[in-house]
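Each residue of the sequence shown is one higher than the last, beginning at 3 in this note's numbering.
Don't be surprised by glycine CBs; every beta carbon is placed ideally from N, CA and C.
It should be emphasised that the depicted structure is a prediction, and the values quoted were computed from it without experimental measurement.
Worksheet: the structure to be examined is printed underneath.
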Amino acid sequence: MDRVALSSLMSNVVVIGLDGNLRSLESGQLPQPGELIIEEVSDTSELIVQQVTPQGSSINVTDDVTALIEAIASGEDPTALGEDFEPAAGEESGSSPQNTGAIDRTGAELLASTNFETVGIDGIGLSTTQALSLLDLFRVINGPVPPTILVQEISSPTINEGDQVVFDITLSQTTEDNTDVILSLLDGTATGGSADENGSDYVNERVLITFSDGTTEEVSVGESGTFTISIPPGESDFTVSIDSIDDSVFEGPETFTLSGTTEEQSTPVTGTATILDDGSGPGSNPDDDRPAVTMSDAGTVNEGETANFKVTLSNASESTVQVELGLNLGDTEVGDLGTLEYNTGSGWVAVPNDGVVTVPAGQTEFDVRIASIDDAVYEGPEDFSVTVTGIGAVQGSDTGTATIVDDGSGPGPDPDDDRPSVTISDAGTINEGETANFKVTLSNASESTVQVELGLNLGDTEVGDLGTLEYNTGSGWVAVPNDGVVTVPAGQTEFDVRIASVDDAVYEGPEDFSVTVTGIGAVQGSDTGTATIVDDGTGPGPDPDDDRPNVTISDAGTINEGETANFKVTLSNASESTVQVELGLNLGDTEAGDLGTLEYNTGSGWVAVPNDGVVTVPAGQTEFDVRIASIDDAVYEGPEDFSVTVTGIGAVQGSDTGTATIVDDGTGPGPDPDDDRPSVTISDAGTINEG
């Protein structure tokens, strides 16, 4: 029986009978005379042997047994050891054996081998079978036991998130044969998984083994995290490399372990890997996913409204983080502001006295607000701010500003303001060449001078259509300066503005433009006065300006039959945009078949006049050509008159007709005029008889 088997029995009293068999005494059972009681001192792994006397007491025979075993191991005859080896040399120690726990003897207690036959052992107080059992317990074996290989140490590496984790594994001694090392990965705060699995911190599907000679082996990891490596002879250490997974979420230090044993090792050795993403990792550029905090500005709010800020974290965090909020009064004072509040998703809560706000895991922003208190006192713009500062893992600090206004410059349709509002009247419709007159009005007088800004908006007009914008506050007409700023004397509530339009002969149609007035400083509001320039005869007065073009068409004159009749359409004025006329053919004396197709050319080649006769004349063009061919035949028709009529459409005024005459009587123009007049002849009757 080996020592492990004995250990399992030692929970009870173990004896070696006279037959050499080991047995465990049941509760209340006593050993028999001559039987050996086996005890063990666990912390020294030493066996204690007692022999039961015929009287039922026990004698400690450990030294005798040890001497016997050593004699046999050294090749001596135990029957020749003399009186010193008699069992009586033992000490009586009572009749009640003690249970001393489990046996844990190791290879350190091995004895030399022996081939000695244990003849006559019973002559010294032990039976032969008892001696053989004792020899088995004391492990008398042939030769040395192979060395025991243990996992002695596994390193605990610290790495940056995204780097490779390398565990250094050291064995208790160099391997002589292939040795299996059983390793196991176990999640701590870090979670293993596949490289593309959401939430994984390291890859636990495979590992890379590197031996001392540089050779590598990729090993798959079981679902339980366990894998076995066969270590070749001559190795005393190796490494296990595992990929960590980089992300932008701050997780703080995360750990997982690698444990290892050999088949001869009951207690595993463990190394702990630490993954860092807080900028404290190794190297010159450590991974740092710690969130940086910023705060938006609330901008300008009307007195009585709420200033809203937004706190933003640059990265999400896997766990809750904290920031500190602080209110800076700035230009405001007690009574101007309410309570600073925040909302991280569970409703609005007052910021505590220490300013500390806890941000839920995974959240990258939350809202902050504070109400301003409305009153009837004009205070002008008041600046204040809210500062946010990171705590712990949260980095940085930022300040969001806000401005409370009660001067009418705030947002919204009805900002708080008691100062004068500015307006400007419309100039209405004027003839081209006349002056547009506007009036600027302040709703309230001011004790001191105030300023407004005037601006000209060309609208439909263009450079050259208008003169210089001028104003008169009571000291004569002055050109508005380049920056548009006009100073209004104290107590004055209105002044005049004017601008002349420039007359020309080009028809432009109605052209709108405007003048805008904007309050500066104490003056609030903005307004626009409009004006319309007309040159179509609809303007005011007895003689309104009228640049609308009148249309005429020339005559084509007399042409020979078979030639083309050419007309020219003329507009009395150019137009700033395209205009249209309508062309119509009047057959007159001609009939179907005498004329070809009516065509026109406005500069882009000859085009047949469409069925509706409408022709578009390009902007700026004052004339275009019209033609129609006559058809030559051998029939004398005499002079035939026809005509082309042009009629204005829209802005084009008037109507006109151009005439043409086709001749085939030899009177037409040119050296070879067409002449279809018939010539008459008569034949001779010859000679006839009278009667």
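Taking the alpha-carbon of residue i as reference, which of the options has the nearest alpha-carbon?
i: E464; options: S423, E513, G457; result: E513
i: G410; options: T346, V454, G531, Q526; result: Q526
i: N200; options: E320, L260, P235, T263; result: E320
i: Q494; options: G216, S445, A481; result: S445
i: N355; options: D182, T540, L327, P35; result: L327
i: Y509; options: V499, T532, N433, T489; result: N433
i: D248; options: S261, L210, G194, F311; result: G194
i: V654; options: A662, A576, D676; result: A576
i: T181; options: P234, I393, A533; result: P234
i: G332; options: A373, I277, T405; result: T405
i: G349; options: N330, T661, R371, D203; result: R371
i: S214; options: W479, T177, D505, N345; result: T177
i: T391; options: V295, G478, T131, D165; result: V295
i: D2; options: T451, F440, T599; result: Outside the shown range of the chain (3 to 693) lies residue 2, about which nothing can therefore be said.
i: T322; options: A524, G364, T302; result: G364
i: G652; options: Q582, E601, E642; result: Q582
i: E37; options: E28, I50, T55; result: T55
i: E256; options: R292, G283, T191, T314; result: T191
i: T649; options: E436, V553, A636, E692; result: V553
i: A567; options: T443, V313, P671; result: P671
Using the beta-carbon count (16 or more within 10 Å), is residue i buried or exposed?
i: A300; result: buried
i: Q57; result: exposed
i: N206; result: buried
i: S645; result: buried
i: I633; result: exposed
i: V682; result: exposed
i: L342; result: buried
i: Q31; result: exposed
i: V616; result: exposed
i: V519; result: buried
i: A110; result: Because the pLDDT at A110 is just 31, under 50, the model does not fix this residue reliably, and the point stays unresolved.
i: A114; result: Caution applies to A114, whose pLDDT of 35 falls short of 50 and renders its modelled position unreliable; the value that the coordinates give is listed next. Flag for A114 reads exposed.
i: S685; result: exposed
i: Q100; result: In this prediction, Q100 has a pLDDT of 37, which is less than 50 and means its spatial position is unreliable; what the coordinates show is noted afterwards. It is exposed - the Cβ of Q100 has fewer than 16 other Cβ atoms within 10 Å.
i: Q397; result: buried
i: D537; result: buried
i: G412; result: buried
i: I375; result: exposed
i: T259; result: buried
i: N34; result: Sequence check: residue 34 is Gln here, not Asn. Under this definition Q34 is an exposed residue.
i: G285; result: exposed
So residue i packs on residue j, CB below 8 Å; how close in whole Å?
i: D245; j: E163; result: With a Cβ gap of about 11 Å, D245 and E163 do not count as contacting.
i: I151; j: S174; result: 6 Å
i: V242; j: V271; result: At roughly 13 Å, the Cβ-Cβ gap does not stay under 8 Å, so V242 and V271 are not in contact.
i: E563; j: V665; result: 7 Å
i: E625; j: L573; result: 7 Å
i: A438; j: S503; result: 7 Å
i: T228; j: I171; result: Contact doesn't hold; Cβ gap of about 15 Å is too wide.
DSSP state of residue i, grouped into three classes?
i: M12; result: Residue placement at M12 is flagged as unreliable, the pLDDT there being 47, under the threshold of 50; a coordinate-derived value is accordingly withheld.
i: A69; result: helix
i: T437; result: strand
i: T64; result: helix
i: T131; result: helix
i: L597; result: strand
i: Y638; result: coil
i: D506; result: coil
i: S645; result: strand
i: V349; result: Per the sequence shown, the amino acid found at residue 349 is Gly instead of Val. Here G349 sits in coil by DSSP.
Compute every distance between the C-beta of residue i and the non-hydrogen atoms of the ligand ADP, then say whether any falls below 7 Å.
i: D485; result: Ligands displayed in this structure: none; no statement on the ligand ADP is therefore possible.
Could you give the first and the last residue of the continuous beta strand (DSSP E) run that contains residue i?
i: I690; result: Where I690 is concerned, there is no enclosing beta strand (DSSP E), given that its DSSP letter is neither H nor E.
i: R371; result: 367–373
i: G201; result: Run containing G201: none; DSSP gives neither H nor E here.
i: I151; result: That residue, I151, is in no beta strand (DSSP E); it is neither H nor E in DSSP.
i: L585; result: 581–588
i: D189; result: 181–189
i: Y344; result: 343–345
i: A447; result: Where A447 is concerned, there is no enclosing beta strand (DSSP E), given that its DSSP letter is neither H nor E.
i: A309; result: 308–315
i: T663; result: 657–665
i: I231; result: 228–233
i: G531; result: 528–536
i: G224; result: It is not in any beta strand (DSSP E) - G224 carries neither H nor E in the DSSP assignment.
i: F213; result: 208–213
Measure from the C-beta of residue i to each C-beta in chain B and report whether the shortest distance is under 8 Å.
i: K570; result: No chain B appears in this structure, which consists of one protein chain only.
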